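>
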Amino acid sequence: MAAYIIADVRVTDPVAYEVYKSLTPDAIAKNGGRFLSRGGETAVLEGDWQPNRVVILEFPDMATAKTFYDSPEYLKAREARRDAADFKMIVVEGL
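Note that the working numbering gives residue 96 to position 41 of the sequence shown, counting from 1, and the numbers run on in steps of one.
1. Three or more beta-carbon pairs under 8 Å between the stretch 120-140 and the stretch 92-106, yes or no?
2. Compute the distance between the beta-carbons of E113 and A58, then report whether it is under 9 Å.
3. Using the three-state DSSP reduction, which class does A98 fall into: helix, strand or coil?
4. Quick one: grab the DSSP three-state call for L150.
5. Work out the CA separation of L78 and A84 for me, nearest whole Å.
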């Protein structure tokens, strides 16, 4: 069953964040994932959540999503974003 990584990202250094953004597509693709949303417009429908930049990734399953997160390619990207953004990230199974 598919799994989705959902991230709420507060960019603190836009220049450094561009480096992170350049590293992620290959890491995602190499691990069987794809972007579903990459910082598009958001609108709050209920509650008080004020999202920043929302990113949604789809992977074939939970294990593959976790493998992506710990992959050498994504570890390099995470290192590049260390001082560029604050992340809140989850992975959730689909139906």
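Using N, Cα and C, we set each Cβ at its ideal position, and we do this for glycine too.
In this text the structure is predicted, and so the values were computed from the model without any measurement.
The relevant details are as follows:
1. no
2. yes
3. coil
4. coil
5. 11 Å
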